[in-house]
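S.K.:
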Amino acid sequence: MENQSNFIKTIMENDLETGKHKEIITRFPPEPNGFLHIGHARAIITNFELAKVFNGKTNLRYDDTNPSKEDSIYVEAIERDVRWLGYEPSAIYFASDYFTEMFERAKLLIKKGLAYVDDQTAEEISKTRGDVVTPGIESPYRNRTVEENLKLFEEMEEGKYPEGSKVLRAKIDMTSSNMNMRDPVLYRINFATHHNTKDKWKIYPMYDYAHPIEDAIEGITHSLCSLEFEDHRPLYDWVVKETEMPLVPRQIEFGRLGIENTVMSKRYLKQLVDSKLVTGWDDPRMPTLSGLRKKGYTKEAIRAFILATGLGKVNSEVELDMLESFVRDDLNMRAKRAFAVIDPIKVTITNYPEDKIEYFDVPFHSENESLGSRKIAFSKHIYIDREDFLEERPDKKYKRLSLGREVRLFHTYFIQANDVVKDSEGNITEILATYDVATLSGSGFSERKPDGTIHFVEATTAIPATFNFFGQLLKNDSSLPLEERFNTESLAVKQGFIEGSLKDVLHEEKFQFIRNGYFNCYYNNDNKYIFNEIVALKKSYK
Ligand code: ATP
Ligand code: MG
Ligand code: MG
């Protein structure tokens, strides 16, 4: 962001130049009602990176004003994900830390004749709000005296009135052309236990009242939020002014980031979790940061992607291909390259001695020496991927193994397929082949050209591994109800092998399995090796 210009950075520069602010302070204010998703990454990166440009500060603040939906599980997950992205909050706060101050300032509004207790039901309030062409109707309770309002509001706080029976509303203008200014609700009664304040409070502030006060208390200079809050800005400013907050933050809206056919609403994602269609918020098919991480996306790729999408004043939607290409670009030079056979078929090299194993020293990445090297094995028994063999060569362009033809096995020898063994149903269970010792890689052999070069693993040293492949979580049709929209084919699990040299692979270590794609090691400790496909190789490679 340092070298990128955007409209918010320009505003900040100006505010520092004119002396309006001495320091830039931003905040990332998630509601702890779900895990963070890739859309949140835009808000996180924008807030932290902009503050960084000006040596400012960024708070992580939980906007925990609705106890019915919030949970400390989400509080922990959010902090973990922010840190995972590489950001250290200057301070961590909870909106609920400010409930007393908010309550006091609400009483100030009442005393100024700017707020009243309304006994109308939620339906009545929404019905009498009017619409763009119809002015709202004033509540019959709008002209209660200050004394009565104070008494009722305090009694609401004491828990004297049932949920839904009363609210506190701002007294602004029921004819305002901005619907948000038509006597918005400031407080509602809620008896749920709050994750932080437990049962202390019986009333909770609404977002539009709480948020500006939170920002002002923390001395936030630029309160960045997504575009849907644009119409709320006059109310934001009204709250700061009328509650007489000493510091005045400025709300600035930016466009939301969307990804094609990716649902990012936490409410929707929660339904997927609750219905057990996915294994949890961090299911690798989920667009959550924890899901993408489990799948194997790196923070570097996510950050580069977010910065490349730019920051505009309109909502934008990008293709999934764009995100995937950033993941590939990041892993291309960094991920070790090794062999895995995902759909194995046995190959027996009939002219190779039974008890012999050869090892070849091979770098993990021919263009990145820092990744080191490993020893790959070769013997009479190997596996290749089933899709690398056809009994009959279909045409001259076929670059794999077929009967009577030769291929090179990476880093080792040419092999020629001579025969196959089939089971009673006619499926090939084994390929019988011969190798030619003269063709060893690096020997300079040039008398024959093989049909192609394929990967393999030596069978007696190979390690059994599980490979998870992830497809689109949802079908493209957004009109379908959740259960039908869920793509039941979004997970495919395959059992194969990785080369024996990967015995000590680390949790979350990433590989390019040659000719197969990028994979993230995700193994549980009982000696099982599980790999998640991160992203396929570019389709053009074959
Ligand atoms: P959702 O609607 O997906 O549940 P939210 O906006 O309710 O998300 P919050 O916890 O309120 O989630 O969001 C914290 C911050 O992240 C807000 O400032 C919000 O504007 C921003 N944000 C959320 N989704 C996106 C997105 N897709 N693009 C950019 N910013 C986003
Ligand atoms: Mg929300
Ligand atoms: Mg929202």
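No gaps in the numbering here: position 372 of the sequence shown is 372 in the UniProt record's numbering, and each next residue is one more. Ideal placement from N, C-alpha and C gives every residue a C-beta, glycine not left out.
1) Taking only heavy atoms of ligand 1 into account, decide whether any of them is closer than 8 Å to the Cβ of residue 66.
2) Can you tell which of 290, 259, 351 has the C-alpha that lies nearest to the C-alpha of residue 317?
3) For residue 251, which residues of its own chain have a beta-carbon under 6 Å away from its beta-carbon, when the five flanking residues on both sides are left out?
4) Just the C-alpha distance for residue 305 and residue 375, rounded to the nearest angstrom, thanks.
5) Cα separation between residue 301 and residue 292?
6) Give every residue of the same chain whose Cβ lies closer than 7 Å to the Cβ of residue 54, excluding the five residues on either side of it in the sequence, and list them in chain order.
7) Please go through the same chain and pick out, in chain order, the residues whose beta-carbon is closer than 8 Å to the beta-carbon of residue 491, but skip the five residues on each side of it.
8) Leaving out the 5 sequence neighbours to the left and right, which residues in its chain are closer than 7 Å to residue 161 when beta-carbon positions are compared?
9) Put residue 422 into one of helix, strand or coil per three-state DSSP.
10) For residue 520, which beta-bridge partners are listed by DSSP?
11) So with Cβ pairs under 9 Å, would you call residue 71 a contact of chain C?
12) Report the option in 221, 159, 277 whose CA atom is closest to the CA atom of residue 47.
13) Please list, in chain order, all residues of the same chain as residue 323 whose beta carbon is under 7 Å from its beta carbon, the five residues on each side excluded.
14) Would you say residue 125 and residue 169 are within 9 Å of each other, going by their C-beta atoms?
15) What residue does the beta strand (DSSP E) around residue 317 start on, and which one ends it?
16) So what does DSSP say about residue 182, is it helix, strand or coil?
17) Measure from the alpha carbon of residue 298 to the alpha carbon of each residue in 29, 59, 535, 43, then state which is nearest.
18) Report yes if the C-beta of residue 308 is less than 8 Å from at least one heavy atom of ligand 1; otherwise report no.
19) Leaving out five residues before and five after residue 7 in sequence, what residues of the same chain have Cβ atoms less than 6 Å from its Cβ?
20) For residue 399, which of helix, strand or coil comes out of DSSP?
21) For residue 514 and residue 62, what's the separation of their Cα atoms in angstroms?
22) Output needed for residue 226: all residues of its chain with C-beta closer than 6 Å, excluding positions within five of it in sequence on either side, in chain order.
23) When burial is assigned at 16 or more other CB atoms within 10 Å of the CB, is residue 495 buried or exposed?
24) Report whether the distance from the Cβ of residue 225 to the nearest heavy atom of ligand 1 is below 8 Å.
25) Taking 8 Å as the cut-off, is the beta-carbon of residue 39 closer than that to any non-hydrogen atom of ligand 1?
26) Going by DSSP in three states, residue 505 sits in which element: helix, strand or coil?
27) Kindly list the residues whose CB is nearer than 6 Å to the CB of residue 282, restricted to its own chain and excluding five residues on each side of it in sequence; keep chain order.
28) Helix, strand or coil for residue 466? Go by DSSP, reduced to three states.
M.R.: Concretely, from the data shown:
1) no
2) 259
3) Counting only Cβ-Cβ distances below 6 Å, and skipping sequence neighbours, we find 223, 233, 236.
4) Going from the Cα of residue 305 to the Cα of residue 375 covers about 36 Å.
5) Spanning the two alpha carbons is a distance of roughly 11 Å.
6) 12, 16, 24.
7) 285, 468, 469, 470, 471
8) 155, 189
9) strand
10) 510, 532
11) Annotation note: the requested chain C is absent from the structure, which comprises a single protein chain.
12) 221
13) 259, 305
14) yes
15) Following the DSSP letters along the chain, one finds residue 317 inside the beta strand (DSSP E) bounded by residues 316 to 318.
16) coil
17) 535
18) no
19) none
20) coil
21) 44 Å
22) 256
23) exposed
24) yes
25) yes
26) coil
27) Closer than 6 Å at the Cβ level, and outside the excluded window around residue 282, lie 290, 291, 294.
28) strand
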